[in-house]
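First the structure, in the form of structure tokens, and then the observations on it.
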Amino acid sequence: MVDERTMRALEEKVAELRRLVEEDGVDLRDELTLLEQRLQALRREYYAGLSDWDRVRLARRPDRPRGLTLVQAVCEDFYELRGDRIGGDDPALRGGLARLGGKAVTVLFHHRGTSPEEQRACRSGMALPTGYRKAVRIMEIAARLKLPLITFIDTPGAYPGVEAEAANIAGAIAKSIATMLSLPVPTVAVILGEGGSGGAVALAAADRVLMLENATYTVISPEGAAAILWKDAAAAPQAAQALALSAPRLLELGVIDEVIPEPLGGAHVDPEGTAQAVRDAVLRHLSELEGLPLDERRKLRYNRYRNAGNRGAGAPTG
Amino acid sequence: MVDERTMRALEEKVAELRRLVEEDGVDLRDELTLLEQRLQALRREYYAGLSDWDRVRLARRPDRPRGLTLVQAVCEDFYELRGDRIGGDDPALRGGLARLGGKAVTVLFHHRGTSPEEQRACRSGMALPTGYRKAVRIMEIAARLKLPLITFIDTPGAYPGVEAEAANIAGAIAKSIATMLSLPVPTVAVILGEGGSGGAVALAAADRVLMLENATYTVISPEGAAAILWKDAAAAPQAAQALALSAPRLLELGVIDEVIPEPLGGAHVDPEGTAQAVRDAVLRHLSELEGLPLDERRKLRYNRYRNAGNRGAGAPTG
Amino acid sequence: MPIRRDDRDRYVEVELRRGEEPLWLRCGACGELVFRRRLRENNYICPRCGAYFFLTAEERIAALVDEGTFQDLTLPLESKDPLSFSDRKPYADRLREAKETTGLKDAIVVGKGKISDHWVILAVMDFRFIGGSMGTVVGEQLAFAMERAAEERIPFVFVVASGGARVQEGVLSLLQMVKTVAARELLAEAGVPYIAVLTYPSTGGVMASIASLADVTLAEQGALIGFAGPRVIQQTTGEKLPPGFQRARYALEHGLVDGVVPREGLKEELVRVLDVLEGIPSGG
Amino acid sequence: MPIRRDDRDRYVEVELRRGEEPLWLRCGACGELVFRRRLRENNYICPRCGAYFFLTAEERIAALVDEGTFQDLTLPLESKDPLSFSDRKPYADRLREAKETTGLKDAIVVGKGKISDHWVILAVMDFRFIGGSMGTVVGEQLAFAMERAAEERIPFVFVVASGGARVQEGVLSLLQMVKTVAARELLAEAGVPYIAVLTYPSTGGVMASIASLADVTLAEQGALIGFAGPRVIQQTTGEKLPPGFQRARYALEHGLVDGVVPREGLKEELVRVLDVLEGIPSGG
Ligand SMILES: [Zn+2]
Ligand SMILES: [Zn+2]
């Protein structure tokens, strides 16, 4: 196994050499090419062997393409709708109308913010009841205007706060799941970064669920699981492994339908390429779904969730 | 025209005589009988000639049977449901499950409170957004469980306050109208006391709309109209007349389907009799509605409101 | 919270009767005399202080609809004064005066037009006509407009300028709330988009019914949006009104509208919405 | 706001393993030793201090269902440990221990019974089984229970006692939220009433799905009702928790439940609900 530090050290060296070549005109092109080939091989080896905990860290990188940025890159056009029509508008859960593949759709996504102020306002993507109620309102527009719904999930979880509880965050999530399940239009969910617990599943009750290669989808954060089950914060990497939160594991488990590959090193290395890959995957699934009659689509969706996790339960063996 | 003061004076005299007869055993039974007959005739004459403003005052009497009391008397059983599942529960707009004529129904009603504290808490029946959102929730239960909905209206109007506006009282009323209109079950509205403006119409988009004889239903309070249009608070009685807010006028205008008679003197004279009359009328209309197929019922409801007020608009004459 | 520029009282009522078409109009906010043509070119925004002049339905339509594409579809209806209402002045007289002043039959104009090549059914209220109040005629025109949009399968755009229900038609006005909501359901069943544009004022019965039920809701900057008017609230509750209360930005912050748009950007914003919804309703 | 009597921490965890059935149980709140039979007769409420002892599913069923009418319909399912999960202890071991302690296959019992002559389908969680957490077995039992209620056209009563999703089954547990909501839609389409009874605790994934979607929602007095647990909230936000936070009465005041019922009145309250809904679903 390649270790991360070695790879980073080599990356730095290559960068230094490249600067020399470019700035000082030193002719080291052959050496550079060789080194870069070697680095690429190392990278491939490293990223092929990523642990689930490595992915957790990749999924949380501050420079990972997120929310608004990615939606704007995936869609040809995005028109934001705001407000729950009840008293608030949550910047951490956003959505609206968009064009995708030349057609009108609705989109919903978590947004973590880019600037520090925005990140504070967005509580790093932890949405409030008002966010989930806005989501339901936009789902109702999708139903009325017969617009497919695409959700982009990236949240550590719903916000755990006094006001959120007083405003029934549990009920807001439940309503979001119920509304999404009942939509008469094709629905596709894409887990972009963190798919944290109830706050994620509220937008994930879709016909198709896709995941970026290094995204995570989990019932509890590895740190939370470490604290509760291992009674040891340092056990987070183990917990990440045990929770089966990575895209490949979830594909194996039948929880998701497709892993969308990321560029070597992670989505942040090539945000545009990532957006293109997401776009292609979403369009492909949408087009498959649109080929199905409504009844068929709804039956498939019902069965998908009615039977979800059935492999986890079985007749007693003992 | 009999004047109210004369009638009240005679009422007092009769009461004094009755005390004499009962307490001191003075034999004045014949005189008393005669006087009572005369009083009854006077009453009939007086109440037959009630002005619309007289009705406004009757509808507002603090001892008029209201909200909870009347619902409990009209229904065999009432199980209150509480809360909007969003953060609040409004005591001014209440509702729940009930038995009526041996069948399960849903009910919604304004409640003004009986004790001074309760009246304060209920803002004299002026409901908040949370009240109308609870109403929508209960309407959704009616739709799910196929329970007819009976609403009992008695409000000066929705509460005009900063918090109510911030929580979108206008949108809450609009949603209540839309949800009520879309219900797949029979709906009957009964205006008990004041049917004030948007706060009333939010619960009045029913298949059948009934009114107690002395109830009022109006686009604005007579005082409000007097202030705005007459620029004179003292013009409220004239405004009451002009607004056509009384049950007989509204029956004539085709706004309501039936006037439920009150006992001589008003509902407060015989709350039980009033409740019985309301009950009989509601049951009769419910049974008519239940005799119609769903499609027919919905078409009738749609046409009722689609054509509402058409007599008010016509081709230009000039 | 500091008062933001766009929370300010940017709307000014100018002389509502424009029968005589003076060359100059005085800004009610800063007192500036503005050449009428200059004002029109500036979207009826005072070039000195930025105040928004109230727009007539005709001016609003001219500002939003592609030139030469508007077809007036307003039904030939007028109020029959169903209650024979009279306060200090008979309603019939008020109606006659409003008709003379505006050249309209009631407080709304309905038509079909193109907004940057998107066909829409448009309903635009005119505040000059008894405060843009909704009585039986306005209700019927709105219901008709939505039916027409459902039938032609093109979006419905509703520009609100209304203080509420038409008092002089009593409960019949209240019922227009139910009527318009019923027609809105029909539009929804047809899958036809409905875009509301809230201007100053959007309050009362119109707001507590059809104007609150759009798919996309835009607010013109500075618009007054609410149910009860600020004066009623203060009189009834004695509450102190927060800065910017019921104004467009306040509405946005409280989740009541999708966006706040300056007057000069309104058409462009509508085009953005119509562009993104191009092809909807689908399956024509 | 003064702390009300019923906001107090009335629930006490007693020895959760009751294999040996001691004659006496110690109240975790006041320390009183209570004779087990006396405790049962008193609805498992401490006769000295009024604390509520946690109820097993069996005890809850005995308290609610008419004697002799309960038919256990729990499907013969057990967790297959789909992730082969292991923390400090293998999940398989935890499962085995929980089964031994409770005599159950997982954290829920499903059955049919009469509540004062009303037939219902009942699902009752058992907090002793890994904190009443919802994994694949609980999800499947709940979905089955709702399907059965829809089929038999009798009300569904769900007594919640759950800290949330079963961590050891990962995302498969999360998906049970969606599964139970899907089954709830089926129940709704059949017009069959669903009554939820929230006890201590009703939090996490169960609450953010099926437990929040009942037609009628009762809370047992003192129940903890919410999404995030109080400790998580304090750790994440540093907020001070208000008195009575997330307790039954708080939930009532915030519009989250229809009523708060003392344990001794719970059956009677359910009967009131079932009485008023007698004949529903209609049209059998
Ligand atoms: Zn100016
Ligand atoms: Zn004790």
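Protein chains in written order, with my numbering: chain F, 1 to 318; chain G, 319 to 636; chain Y, 637 to 920; chain Z, 921 to 1204. For every residue, glycine included, the Cβ atom is placed at its ideal position computed from N, Cα and C.
Coarse secondary structure for residue i, derived from DSSP in three states
{"i": "residue 904 of chain Y", "result": "helix"}
{"i": "residue 863 of chain Y", "result": "coil"}
{"i": "residue 944 of chain Z", "result": "strand"}
{"i": "residue 555 of chain G", "result": "helix"}
{"i": "residue 409 of chain G", "result": "coil"}
{"i": "residue 1162 of chain Z", "result": "coil"}
{"i": "residue 885 of chain Y", "result": "helix"}
{"i": "residue 266 of chain F", "result": "coil"}
{"i": "residue 835 of chain Y", "result": "strand"}
{"i": "residue 856 of chain Y", "result": "strand"}
{"i": "residue 629 of chain G", "result": "helix"}
{"i": "residue 726 of chain Y", "result": "strand"}
{"i": "residue 927 of chain Z", "result": "Model confidence at residue 927 of chain Z stands at a pLDDT of 46, short of 50, so the residue's coordinates are unreliable and nothing is read from them."}
{"i": "residue 117 of chain F", "result": "helix"}
{"i": "residue 379 of chain G", "result": "coil"}
{"i": "residue 547 of chain G", "result": "helix"}
Contact test: residue i Cβ vs ligand 2 heavy atom, cutoff 7 angstroms
{"i": "residue 961 of chain Z", "result": "no"}
{"i": "residue 1184 of chain Z", "result": "no"}
{"i": "residue 968 of chain Z", "result": "yes"}
{"i": "residue 949 of chain Z", "result": "yes"}
{"i": "residue 952 of chain Z", "result": "yes"}
Proximity test, residue i beta-carbon vs ligand 1 heavy atom, cut-off 7 angstroms
{"i": "residue 398 of chain G", "result": "no"}
{"i": "residue 844 of chain Y", "result": "no"}
{"i": "residue 22 of chain F", "result": "no"}
{"i": "residue 687 of chain Y", "result": "yes"}
For residue i, the first and last residue of its enclosing alpha helix (DSSP H)
{"i": "residue 326 of chain G", "result": "322-337"}
{"i": "residue 1212 of chain Z", "result": "Because chain Z here runs from 921 to 1204, residue 1212 of chain Z falls outside it and cannot be looked at."}
{"i": "residue 1079 of chain Z", "result": "Here residue 1079 of chain Z belongs to no alpha helix (DSSP H); instead the beta strand (DSSP E) covers 1076-1082."}
{"i": "residue 130 of chain F", "result": "129-145"}
{"i": "residue 843 of chain Y", "result": "840-843"}
{"i": "residue 279 of chain F", "result": "271-290"}
{"i": "residue 296 of chain F", "result": "294-306"}
Residue i: first and last residue of the uninterrupted beta strand (DSSP E) it sits in
{"i": "residue 223 of chain F", "result": "Where residue 223 of chain F is concerned, there is no enclosing beta strand (DSSP E), although the alpha helix (DSSP H) it sits in stretches over 222-225."}
{"i": "residue 150 of chain F", "result": "149-155"}
{"i": "residue 534 of chain G", "result": "534-536"}
{"i": "residue 109 of chain F", "result": "103-110"}
{"i": "residue 322 of chain F", "result": "As shown, chain F starts at 1 and ends at 318. That puts residue 322 of chain F outside it, with no answer to give."}
{"i": "residue 750 of chain Y", "result": "744-751"}
{"i": "residue 576 of chain G", "result": "576-578"}
{"i": "residue 780 of chain Y", "result": "Looking at the DSSP string, residue 780 of chain Y is not in any beta strand (DSSP E); the run it does join, the alpha helix (DSSP H), is 772-788."}
{"i": "residue 365 of chain G", "result": "From DSSP, residue 365 of chain G is part of no beta strand (DSSP E) but of the alpha helix (DSSP H) over 347-366."}
{"i": "residue 388 of chain G", "result": "No beta strand (DSSP E) holds residue 388 of chain G; the alpha helix (DSSP H) holding it covers 385-392."}
Residue-level contact to chain B via CB, residue i, 8 angstroms cutoff
{"i": "residue 759 of chain Y", "result": "Protein chains F, G, Y and Z are contained in the structure displayed, whereas chain B is not."}
Near-chain G residues of the stretch 161-182 of chain F - C-beta to any C-beta below 7 angstroms: 166, 167, 168, 171
Against chain G: residues of the stretch 724-737 of chain Y by CB proximity under 8 angstroms: 724
Output needed in chain order: residues of the stretch 1149-1181 of chain Z with a Cβ under 8 angstroms from some Cβ in chain G. 1172, 1173, 1174, 1175, 1176, 1177, 1178, 1179
Contact list for the stretch 385-416 of chain G against chain Z, Cβ threshold 7 angstroms: 395, 397, 399, 400, 401, 402, 403, 404, 405, 406, 407, 415, 416
What are the residues in the stretch 102-115 of chain F lying within 8 angstroms of chain Y by C-beta distance? 103, 104
Short-range partners of chain Y found in the stretch 461-477 of chain G, where Cβ spacing is below 7 angstroms: 476
Any C-beta of chain F within less than 9 angstroms: which residues of the stretch 985-1003 of chain Z qualify? 995, 996, 997, 998, 999, 1000, 1001, 1002, 1003
Which residues, in order along the stretch 794-827 of chain Y, keep a beta-carbon less than 8 angstroms from a beta-carbon of chain F? 824, 827
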